[in-house]
Amino acid sequence: RRERALLWCILVSAWEAGWGQLRYSVPEEMPKGSFVGDVAKDLGLQLPVRRQRGVLLLDNGRTQYFALHEQTGHLVTAERIDREQLCRLVEKCMLRCEVIVEGEMQVYGIEVEIIDVNDNTPSFREAETQLRISEMTTPGSRFPLAEAQDQDLGANSLQSYELSGDKHFSLAVQSGPGGDRRPELVLAKALDREEAAFHELVLKASDGGEPARTGTVRIRVAVLDANDNTPVFSLAEYTVRVPEDVPVGSVLVTVTATDADEGMNGHVKYFLKKAMDQTSEIFHLDSETGAITLLQSLDYEEGDAYELKVQAEDGGGLSDTAKVLISVTDVNDNAPKLTVSSALSEISEDTPSGTVVALLHVQDRDSGANGQVWCSIAEMLPFRLEKSYENYYRVVTLRELDREEVSEYNVTVRASDGGSPSLWSSAVLSLRVLDVNDNAPVFAEARYSARLPENNAAGALVLTVRATDADAGSNGRVSYSLGNVPDDIRTLFSVDSESGEVRTAGPLDFEEKSKYSFRLEARDGGGLTAHCKVLIDITDENDNAPEI
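Just add 24 to the spot in the sequence shown (first one is 1) and you have our numbering.
Below, the structure is given as structure tokens:
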């Protein structure tokens with residue numbers, strides 16, 4: 025607890041505004057809800073963050089390790105984090121997530137480094153091991169010992185070995201190519217089986233933590249009669265490359281060691297000398313044939329390389345070791361994952377070109393060409409894709425939209441990877457276009473004419489005009505009126521505002537006037553107008569007697 029408190033006090037946060045990224049660090053094994061960084065302060069957001077303008081935290085991993093506190097704007101841990109579980113083979117453990125400010129269509133990346141603490145004790149695979157050494161073995165001979173495993177890094181990892189228990193043996197520690205420490209038991213004094221048939225030793229492994237953690241293994245040395253030939257592997261290092269979809273039960277590689285001795289002293293058996301629990305669950309070594317077979321399916325995205333140490337031991341207890349390196353090659357077994365992070369559901373038809381209507385995120389867990397993703401939409405649609413931030417894309421308008429042409433769009437965005445054959449996924453964006461009053465009414469005819477006998481009763485139907493408007497709703501609703509006409513026209517004629525029917529409003533007299541001409545107006549709900557011309561001829565009736 026004291027060690028974690030110290031790490032907590034030296035927690036460092038850094039903000040790089042130029043690149044739109046936040047960087048923090050936090051020790052592993054901190055309890056759920058522990059402070060990681062002040063996102064609201066670093067991004068200049070007003071509190072509370074969610075009520076201000078729609079702030080989302082996206083964690084694209086299988087497990088969400090962080091959460092954004094609504095009231096404080098702090099980034100906190102969503103659960104306890106184990107660095108060794110997350111980054112078993114990675115020296116610098118980084119977790120990434122994104123913050124999306126929906127109102128601004130902005131994305132900010134967050135990188136959190138998980139700092140190692142000394143929470144793992146050096147441990148041996150077995151609590152007790154046995155060596156069988158011939159009494160003819162010359163002093164100075166060396167025997168590989170079981171290596172301790174410590175999943176911590178740096179000073180917290182395995183630092184030293186110490187041997188105790190018997191003056192016949194001493195300890196030597198060799199450094200491997202990767203910096204690992206390999207303990208060897210050195211015969212310091214000749215053995216005499218008649219003097220002592222067994223020797224009991226204790227090997228202690230210590231890490232560099234404060235305080236140091238230690239693990240021990242008991243070594244029981246059995247002294248045997250002479251066996252003067254050691255098994256020898258055909259190769260010091262076996263290398264094999266296999267695709268991740270290799271069937272379970274397949275033989276990946278066969279190791280071979282020979283021994284020049286006869287009988288039991290020349291009979292060789294094979295063992296996994298160094299195998300982590302996970303490795304032993306994936307691979308099986310046949311002790312008689314040396315064949316290494318696959319026990320469970322491989323996944324390149326979970327692990328792309330495995331190292332095994334195989335020991336060949338004869339019946340007299342002499343042994344040799346070899347390294348087996350298994351490299352897993354990627355197969356295109358993951359389709360791109362396309363996620364709509366933010367999208368509009370409706371847009372006005374007079375919205376300017378270049379307006380962002382959706383923000384998409386794409387991810388492919390494969391590597392190389394199999395993990396490269398291309399996004400596309402149909403060319404005939406008035407939209408295009410723009411790269412936003414890392415794996416984010418924006419869907420923007422190519423031009424102003426026309427509701428009268430297309431009132432609703434279903435935009436299909438397709439994400440395809442570079443594998444052969446290519447895998448793909450898609451997402452559909454539904455966008456409704458809102459109407460703007462950009463269309464004036466249009467009369468079916470520019471000029472209407474009718475013939476009407478005189479002396480018709482008031483209310484007689486003269487003719488019907490009709491105008492249409494391409495807009496929707498109130499913008500497309502048309503009403504009719506006489507507009508600006510002389511008073512005598514209003515006295516004699518009327519027009520129905522809804523139907524466009526022109527009727528007589530008073531008696532008509534051919535002898536007084538035989539022709540009438542006036543304009544009708546059509547107006548939509550948005551105030552746009554159109555006009556047409558109406559011509560009416562009055563025909564004579566025999567309604568006057570001769571005068572003398």
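Glycine residues also receive a C-beta, built at the ideal position from the N, C-alpha and C atoms.
None of the values given here were measured: they were computed from a predicted structure.
By Cβ distance below 6 Å, which residues in the same chain neighbour residue i in space, the five residues on each side in sequence not counted?
{"i": "Arg217", "result": "Glu159 and Val247"}
{"i": "Leu458", "result": "Glu370 and Ser372"}
{"i": "Ser451", "result": "The amino acid occupying residue 451 in the given sequence is Ala; Ser does not appear at that position. Correct list, in chain order: Leu362, Val364 and Val437."}
{"i": "Val397", "result": "Pro360, Val386, Asp388, Ala439 and Asp441"}
{"i": "Val131", "result": "Glu122, Ile124, Tyr413 and Tyr416"}
{"i": "Gln175", "result": "Glu108 and Asn144"}
{"i": "Trp528", "result": "For clarity, residue 528 is Thr in the given sequence; the question names Trp instead. The answer, listed in chain order, is Asn480, Ala482 and Ala484."}
{"i": "Ala214", "result": "Pro163"}
{"i": "Asp190", "result": "His223 and Leu225"}
{"i": "Gly133", "result": "Gln45 and Glu122"}
{"i": "Gly524", "result": "Thr488, Val489, Arg490 and Tyr504"}
{"i": "Ala367", "result": "Ala382 and Leu453"}
Below 8 Å on the Cβ atoms is my guess for residue i versus residue j; work out the distance and round it to an integer in Å.
{"i": "Leu276", "j": "Thr317", "result": "7 Å"}
{"i": "Phe193", "j": "Leu209", "result": "6 Å"}
{"i": "Leu119", "j": "Val136", "result": "5 Å"}
{"i": "Ser498", "j": "Gly549", "result": "3 Å"}
{"i": "Val100", "j": "Ser58", "result": "6 Å"}
{"i": "Asn142", "j": "Arg237", "result": "6 Å"}
Sort the options by Cα distance to residue i and report the nearest one.
{"i": "Thr96", "options": "Val60, Met118 and Asp106", "result": "Val60"}
{"i": "Thr263", "options": "Asn253, Thr278 and Phe193", "result": "Thr278"}
{"i": "Ala229", "options": "Thr240, Ala91, Leu455 and Ala529", "result": "Thr240"}
{"i": "Asp344", "options": "Ala281, Arg244, Tyr413 and Thr353", "result": "Ala281"}
{"i": "Thr161", "options": "Pro168, Asp252 and Ser49", "result": "Asp252"}
{"i": "Gly587", "options": "Glu103, Val114 and Leu559", "result": "The structure shown does not extend to residue 587, since the chain spans only 25 to 572, so no value can be given for it."}
{"i": "Arg107", "options": "Glu53, Lys65 and Ser538", "result": "Glu53"}
{"i": "Tyr48", "options": "Thr87, Ala236, Cys117 and Ala470", "result": "Cys117"}
{"i": "Val486", "options": "Gln130, Val509 and Leu516", "result": "Leu516"}
{"i": "Pro72", "options": "His98, Ile513 and Val197", "result": "His98"}
{"i": "Leu453", "options": "Asp231, Ala468 and Ala402", "result": "Ala402"}
{"i": "Glu234", "options": "Ala220, Leu187, Arg206 and Gln183", "result": "Gln183"}
{"i": "Ala468", "options": "His308, Lys539, Ala91 and Glu545", "result": "Glu545"}
{"i": "Ser181", "options": "Gly232, Pro163 and Arg149", "result": "Gly232"}
{"i": "Glu429", "options": "Gly164, Ala569, Asp462 and Ser521", "result": "Asp462"}
{"i": "Ser607", "options": "Glu150, Ser400, Ala494 and Phe542", "result": "In this structure the chain extends from 25 to 572, so residue 607 is not present and cannot be described."}
{"i": "Asp426", "options": "Leu368, Ala496 and Ser400", "result": "Ala496"}
{"i": "Val509", "options": "Lys347, Lys537 and His555", "result": "His555"}
Hey, residue i and residue j: beta-carbon distance below 8 Å or not?
{"i": "Arg547", "j": "Ser503", "result": "yes"}
{"i": "Glu261", "j": "Leu349", "result": "yes"}
{"i": "Ser147", "j": "Ala179", "result": "no"}
{"i": "Glu565", "j": "Glu478", "result": "yes"}
{"i": "Leu296", "j": "Val270", "result": "no"}
{"i": "Leu227", "j": "Val245", "result": "no"}
{"i": "Val50", "j": "Ile138", "result": "yes"}
{"i": "Gln198", "j": "Val272", "result": "no"}
{"i": "Val352", "j": "Leu384", "result": "no"}
{"i": "Pro465", "j": "Thr492", "result": "yes"}
{"i": "Leu169", "j": "Pro207", "result": "yes"}
{"i": "Asn356", "j": "Leu447", "result": "yes"}
{"i": "Ala346", "j": "Leu259", "result": "yes"}
Please return the same chain residues whose Cβ sits closer than 7 Å to the Cβ of residue i, not counting the five positions on each side in sequence.
{"i": "Thr421", "result": "Thr375, Ser377, Gly378, Thr379, Val381, Pro406 and Phe407"}
{"i": "Ala336", "result": "Pro255, Phe257, Ala281, Val292, Tyr294, Ser343 and Asp344"}
{"i": "Asp354", "result": "Glu268, Tyr324, Asp390, Ser391, Gly392 and Asn394"}
{"i": "Val460", "result": "Ser372, Glu373 and Asp374"}
{"i": "Lys411", "result": "Tyr417"}
{"i": "Arg514", "result": "Leu506"}
{"i": "Gln76", "result": "Bear in mind that the predicted position of Gln76 carries a pLDDT of just 48, short of 50, making it unreliable; the figure below should be weighed with that in mind. Cβ neighbours of Gln76 beyond the five flanking positions: Leu69 and Gln70."}
{"i": "Thr313", "result": "Thr278"}
{"i": "Ile572", "result": "none"}
{"i": "Ala196", "result": "Arg166, Glu208 and Val210"}
{"i": "Ser521", "result": "Ser503, Tyr504 and Ser505"}
Only counting the same chain, and skipping five residues up and downstream in sequence, which positions put a Cβ closer than 8 Å to that of residue i?
{"i": "Arg104", "result": "Glu53, Met54, Pro55 and Lys56"}
{"i": "Glu305", "result": "Leu319 and Gln320"}
{"i": "Lys539", "result": "Leu559, Ile560, Asp561 and Ile562"}
{"i": "Gly290", "result": "Asn253, Asp283, Ala284, Asp338 and Gly339"}
{"i": "Asp567", "result": "Glu478 and Asn479"}
Is the beta carbon of residue i within less than 7 Å of some heavy atom of the ligand ATP?
{"i": "Lys213", "result": "With respect to the ligand ATP, the structure offers nothing, as it holds no ligand at all."}
Checklist line | Stretch pair the region 358-374 + the region 401-410: three plus CB contacts closer than 8 Å | finding: The region 358-374 vs the region 401-410: no contact.
Notebook entry, point to check: Contact between the region 527-543 and the region 560-572: three or more CB pairs below 8 Å?
Noted result: yes
Check: Pairing CB atoms from the region 440-450 with CB atoms from the region 148-155, are three or more of them under 8 Å?
Finding: no
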